[in-house]
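Asks:
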Amino acid sequence: KPYPRLKENGDPITEGNLLMRDAYWVPYKLTNDGGVDPIFRGLATVVAEEFDGKVIDDLRNFLFGKPGDGGLDLTALNIQRGRDHGLADYNTTRKAYGLAPVKSFSEVVSDPSVVAKLVKLYGTPDKADLYVVLQVEDHVPKSMLGPTTMAILGEQANRMRAGDRFWYQRRLPKKLLRYVENVRLSDVILRNTQIGWIQEKVMEAHSRNC
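Each residue of the sequence shown is one higher than the last, beginning at 8 in my numbering.
(1) Is it true that the segment 17 to 36 meets the segment 67 to 76, where meeting means three or more beta-carbon pairs spaced less than 8 Å apart?
(2) Thinking C-beta only, is L84 closer than 8 Å to G78?
(3) Under three-state DSSP, which class holds P19?
(4) Who pairs with L152 in a beta bridge, going by DSSP?
(5) If I measure Cβ to Cβ from Q142 and keep anything under 6 Å in the same chain, skipping five residues before and after, which residues do I get?
(6) Could you please give the first and the last residue of the uninterrupted alpha helix (DSSP H) stretch that includes S111?
(7) I'd like to confirm the pairing. Which residues does DSSP put opposite Y10 in its beta bridges?
(8) N98: buried (16+ other C-beta within 10 angstroms of its C-beta) or exposed?
(9) Give a yes or no on whether the C-beta atoms belonging to E211 and R191 are separated by under 8 Å.
(10) Measure the alpha-carbon distance for S214 versus S111 and round it to whole angstroms.
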């Protein structure tokens, strides 16, 4: 599915929308096609894809390839990166984050077809690549993430904040801190582009033709 690139009135730009596979190594797609403005307008109109085990062809078969030349497989690269860096298996990682280990994939994945594939690949969660199972864990209620992914990202975020002596909340005067924390992403976009209007909550999709 291509990225929509829109004019201020919500119509596609003359050059049309843009597939990710056609965007690698071609910076002129920005400089010659209206800059980032059409892309920001377009992205603010679409709903994010679900976080699941499905990966688009543009990342599975065309990653980093020049348009028309094919490319790499991001999923395969991420699995290999995990092995190269010595990431622990799924169950060992769960225990490291204070989560109970599981005896079968069906305890964390409710889709029988996905469970069957995991069993065929790994047999047991004790032998499963961490990255693979994180992609297909059932989500925590009211979240787009599974419990193990949530634990990993939560601890990482806390450590980044606690370990950074330049963290903005430690250094800014109260008045400036209040100002900074009230700046929206939409404010940043409007200040740094020629876009005339974008919804205040840019993470909530909104049609420009309404």
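In this text, a Cβ means the ideal position worked out from N, Cα and C, and glycines have one as well. On a predicted model such as this, the values are computed, not experimentally measured, just so you know.
Replies: For this structure:
(1) yes
(2) The answer is no: Cβ separation not under 8 Å.
(3) strand
(4) Note: L152 sits in no beta bridge, so no partner.
(5) Within the same chain, Q142 has close Cβ partners G60.
(6) Segment: none, S111 is in no alpha helix (DSSP H) and carries neither H nor E.
(7) L25
(8) buried
(9) no
(10) Distance between the alpha carbons of S214 and S111 is about 43 Å.
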